[in-house]
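Undergrad:
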Amino acid sequence: MLTLTGITPVMASCFREDDSIDDAPLRHQIDFAIEAGAAAICGPGFGAEFYKMSDAERYHFVDVSIDQTRKRLPVIAATSCGSTYNTIEFSRYAEKAGADCLMVTAPRSAPLPAASIIDFYSRLCDAVTIPVMLQDADFTGAGLPAGVFIDLAHRHPNFRFAKLEVTLPGAKCAEVVEKSGGQVQVIYGLGGIAMLDGLEHGASAMMPGAACLEVYVLAHELYASGKKKAARELFNRLVPYLAFALQHLEVAIHIEKRVLVKRGILPNARMRHPTITLDSTYQRQMDDLVQSAVELVEECKRNKTVAV
55 MLTLTGITPV
65 MASCFREDDS
75 IDDAPLRHQI
85 DFAIEAGAAA
95 ICGPGFGAEF
105 YKMSDAERYH
115 FVDVSIDQTR
125 KRLPVIAATS
135 CGSTYNTIEF
145 SRYAEKAGAD
155 CLMVTAPRSA
165 PLPAASIIDF
175 YSRLCDAVTI
185 PVMLQDADFT
195 GAGLPAGVFI
205 DLAHRHPNFR
215 FAKLEVTLPG
225 AKCAEVVEKS
235 GGQVQVIYGL
245 GGIAMLDGLE
255 HGASAMMPGA
265 ACLEVYVLAH
275 ELYASGKKKA
285 ARELFNRLVP
295 YLAFALQHLE
305 VAIHIEKRVL
315 VKRGILPNAR
325 MRHPTITLDS
335 TYQRQMDDLV
345 QSAVELVEEC
355 KRNKTVAV
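Counting in our numbering, the sequence shown runs from 55 upward without gaps.
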């Protein structure tokens, strides 16, 4: 069964002037991620603006990702839908197409009790054979109770991953890993801003965007080799960028695209409408942070044992 250790970036979408999706930059981004040391790729997630895509576009995104990856590393297909039926339909499609794992957000269109959430994921786990990842995307709250993950692990051998995008996730991370007997690996999301906390609490992987991938990869390698102080000092240099980005989902996606453009990985940073518009002061701040992020990435590329 699949295990994930390291950095598993969410791929960004690239839109043409007519708002259609351009496949070529996605393919280029996947090749870049593989070369930069990704442990897997994921999509179409929030970072790909999946919430602005049609079902056909999301299916196609998965197809392109699997085709371009060519089994060089695992593909995590993000298959969340508003209903159990549609989620299972998309998930079965992704499995048949060759996806290695399914990432599914807990339904949030209407508040549901824990028992209903467990039933939703149980039906999904029963419908597929590949590993399932529960994306706990609360963003500003505590998310689902740890017991939900533990219960699902005890019921389903293919319930393997918990992606935590919640406030103060450390205690829940440690509890899920311990009480699932290690069956459930924890992945930290939210741009990986709590990466070092995750590693301290037993998380096995991080899922940021791909824009600054080399920084995350090197910080993870430093930590894994016992150089925790160096890992923290390196990663802390990325925190101002992440703090600005995480003020708003659309800002986070746009600044990542801006870095990818500056690095020559995407041809443009176009966002699908509706999106947020920043004033000139914010734009200047973003310009400075993009430049700093690119410089840090280049430093990591020049010297894998960067002095920090």
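Ideal Cβ placement from N, Cα and C applies to all residues, glycine included.
#1: Cα separation between residue 237 and residue 106?
#2: Using 8 Å as the Cβ pair cut-off and three pairs as the minimum, do the region 138–154 and the region 73–88 touch?
#3: Ordered along the chain, which non-local residues of its own chain (more than five positions away) have a Cβ less than 7 Å from that of residue 362?
#4: Count the other CB atoms within 10 Å of the CB of residue 222; is the residue buried (16 or more) or exposed (fewer)?
#5: Could you round the C-beta distance between residue 246 and residue 218 to whole angstroms and report it? I think they count as a contact, below 8 Å.
#6: May I have the straight-line CA-CA distance separating residue 360 from residue 251, to the nearest angstrom?
#7: Using a 10 Å radius around the Cβ and a threshold of 16 neighbouring Cβ atoms, would you call residue 311 buried or exposed?
#8: Can you tell me which of 89, 150 and 257 puts its alpha carbon nearest to the alpha carbon of residue 116?
#9: Measure the alpha-carbon distance for residue 215 versus residue 57 and round it to whole angstroms.
#10: Suppose you measure from the CA of residue 190 to the CA of residue 175; what does that come to, to the nearest Å?
#11: Should residue 122 go down as buried or exposed, given a rule of 16 or more other Cβ atoms within 10 Å for buried?
#12: Alpha carbon to alpha carbon, what distance is there between residue 350 and residue 108?
#13: Excluding sequence positions up to five away, which residues of its chain have a Cβ less than 7 Å from the Cβ of residue 4?
#14: How should residue 132 be labelled, buried or exposed, when 16 other C-beta atoms within 10 angstroms of its C-beta is the threshold for buried?
#15: Would you mind stating whether residue 230 and residue 257 have Cβ atoms separated by less than 7 Å?
#16: Just the C-alpha distance for residue 340 and residue 306, rounded to the nearest angstrom, thanks.
#17: How long is the line joining the alpha carbons of residue 124 and residue 178, rounded to whole angstroms?
#18: Run through the region 206–290 for me and flag every whole alpha helix (DSSP H) of 4 or more residues, listed as ranges in chain order.
#19: Closest to residue 145 by C-alpha separation, out of 165, 322, 194 and 182, would be which residue?
#20: According to DSSP, is residue 101 helix, strand or coil?
TA: Per the coordinate set shown:
#1: As a working note, residue 237 is residue 183 in the sequence shown. As a working note, residue 106 is residue 52 in the sequence shown. One C-alpha to the other measures close to 34 Å.
#2: no
#3: Translated into the one-based positions of the sequence shown, residue 362 becomes position 308. Any reading at residue 362 must be qualified, since the residue scores a pLDDT of 45, below 50, and its modelled position is unreliable; the value itself is stated next. These residues qualify, in order along the chain: 284, 287 and 288.
#4: Here residue 222 corresponds to residue number 168 of the sequence shown, with the count starting at 1. Per the 10 Å Cβ criterion, exposed.
#5: Position 192 of the sequence shown, counting from 1, holds the residue named residue 246. Position 164 of the sequence shown, counting from 1, holds the residue named residue 218. No, residue 246 and residue 218 are not in contact; Cβ-Cβ is about 11 Å, not under 8 Å.
#6: One-based indexing of the sequence shown puts residue 360 at position 306. One-based indexing of the sequence shown puts residue 251 at position 197. Residue placement at residue 360 cannot be trusted, given a pLDDT of 46 that sits under 50; the coordinates are not used to answer.
#7: On the sequence shown, position 257 is the one that residue 311 refers to. Per the 10 Å Cβ criterion, buried.
#8: Residue numbering aside, residue 116 sits at position 62 when the sequence shown is read from its first letter. Cα-wise, what sits closest to residue 116 is 150.
#9: What you label residue 215 is simply residue 161 of the sequence shown in a count that begins at 1. What you label residue 57 is simply residue 3 of the sequence shown in a count that begins at 1. Approximately 9 Å between the Cα atoms of the pair.
#10: Here residue 190 refers to the residue found at position 136 when the sequence shown is read from its first residue. Here residue 175 refers to the residue found at position 121 when the sequence shown is read from its first residue. Between residue 190 and residue 175, the C-alpha separation is close to 12 Å.
#11: Sequence index remark: in the sequence shown, residue 122 carries index 68 (1-based). Under this definition residue 122 is a buried residue.
#12: Sequence index remark: in the sequence shown, residue 108 carries index 54 (1-based). Sequence index remark: in the sequence shown, residue 350 carries index 296 (1-based). Their Cα atoms are separated by approximately 36 Å.
#13: Because the chain in this structure spans residues 55 to 362, residue 4 falls outside the shown range and cannot be described.
#14: Taking the first residue of the sequence shown as position 1, residue 132 is located at position 78. Its Cβ being crowded by 16 or more others within 10 Å, residue 132 is buried.
#15: The residue given as residue 230 occupies position 176 in the sequence shown. The residue given as residue 257 occupies position 203 in the sequence shown. It is not a contact, given that the beta carbons lie outside the stated cut-off.
#16: Residue 340 sits at position 286 when you count from the first residue of the sequence shown. Residue 306 sits at position 252 when you count from the first residue of the sequence shown. Going by the C-alpha atoms only, they are around 10 Å apart.
#17: For the purposes of this step, residue 124 is taken as residue 70 along the sequence shown, with counting starting at 1. For the purposes of this step, residue 178 is taken as residue 124 along the sequence shown, with counting starting at 1. If I take the Cα positions, the gap works out to 26 Å.
#18: 224–233, 249–254, 267–278 and 282–290
#19: The count along the sequence shown starts at 1 and reaches residue 145 at position 91. Nearest C-alpha to residue 145: 182.
#20: Position 47 of the sequence shown, counting from 1, holds the residue named residue 101. If DSSP states are grouped into helix, strand and coil, residue 101 belongs with the helices.
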